[in-house]
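Residue numbers (this note's numbering): 776 to 976.
Note that the Cβ used here is the ideal one computed from N, Cα and C, for glycine as well.
For reference, the structure is listed below as structure tokens.
Below is the structure:
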């Protein structure tokens with residue numbers, strides 16, 4: 776958990792330090808690989824359970840695989856720290872703290888929704904008898920697969936559009952896809968469209 780958080784926060788922060796205002800495509804590239812990992816990890820766990828009926832093999836395989844980039848990172852020099860000044864006010868000022876609070880709240884809700892949706896959709900699909908357990912597991916992988924596709928598509932989009940435009944488009948798209956499931960809660964087709972679209976946006 777500590778390693779995951781250090782990698783997540785460190786990767787995002789260092790990309791901003793290196794690329795500054797042009798960070799958009801690089802940030803989406805980083806999150807593309809987060810998505811690939813989220814898509815691949817359940818498959819690795821499922822194979823471990825199928826082959827040995829325990830999670831040890833999957834855990835050690837992922838831990839050993841992580842040593843490869845970790846070893847490479849030890850030889851990379853840290854980039855210079857980004858300029859701490861902010862156009863909205865002096866560092867540590869009220870406007871900066873308000874903005875920081877809004878960003879933290881947004882990411883708390885965003886990540887909570889992202890992780891919560893994947894757990895909830897499996898339960899919803901199986902308890903409402905729309906999908907069996909195998910199909911519900913595939914639906915979870917579909918979410919992460921379209922999530923990864925969305926990150927890939929975001930790379931060229933971030934070059935053309937401002938972050939505010941991308942964010943508005945993503946929030947509206949995700950809301951519309953969840954709304955589809957709320958309007959047609961008993962429809963298998965609506966379920967698949969909702970899962971795929973929410974992951975994409």
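| Query | Result |
| --- | --- |
| Give me the Cα-Cα distance between residue 829 and residue 820, rounded to the nearest whole angstrom. | 9 angstroms |
| Write down every uninterrupted run of the alpha helix (DSSP H) in the region 846-933 whose length is 4 residues or greater and which is fully enclosed by it, in chain order. | 869-902 |
| Grab me the residues of residue 790's own chain with a C-beta within less than 8 angstroms of its C-beta, minus the 5 sequence neighbours each way, in chain order. | 798, 801, 802, 805 |
| Does DSSP put residue 945 in a helix, in a strand, or in coil? | helix |
| Quick check: the region 807-817 against the region 916-927, are there 3 or more CB pairs under 8 angstroms? | yes |
| Along the chain, where does the alpha helix (DSSP H) containing residue 780 start, and where does it finish? | 777-794 |
| Buried or exposed for residue 818, please, with buried defined as at least 16 other CB atoms from any protein chain shown within 10 angstroms of its CB. | exposed |
| Do residue 926 and residue 834 have their beta-carbon atoms positioned less than 9 angstroms apart in this structure? | no |
| Does the ligand ATP have even one heavy atom less than 8 angstroms from the beta-carbon of residue 794? | Absent from the structure shown: the ligand ATP. Ligands present: none. |
| Apply the 10 Å Cβ neighbour rule to residue 974 and answer buried if 16 or more other Cβ atoms are within range, or exposed otherwise. | buried |
| Just mark residue 929 as buried or exposed, buried being the case when its beta carbon has 16 or more other beta carbons within 10 Å. | buried |
| Might you give, ordered along the chain, the residues of its own chain that have their beta carbon closer than 8 angstroms to the beta carbon of residue 792, omitting 5 neighbours on each side? | 854, 855, 856, 857 |
| Check for me: the alpha helix (DSSP H) holding residue 969 runs from which residue to which? | 963-975 |
| Would you mind stating whether residue 846 and residue 836 have Cβ atoms separated by less than 9 angstroms? | no |
| List the whole-angstrom C-beta distance separating residue 963 from residue 905, where the pair is believed to meet the contact cut-off of C-beta under 8 angstroms. | 5 angstroms |
| Ignore the nearest five residues each way along the sequence and tell me which others in residue 890's own chain have a CB closer than 6 angstroms to its CB. | none |
| Quick check on DSSP: helix, strand or coil for residue 960? | coil |
| Please classify residue 902 as buried or exposed, where buried requires at least 16 neighbouring CB atoms within 10 angstroms. | exposed |
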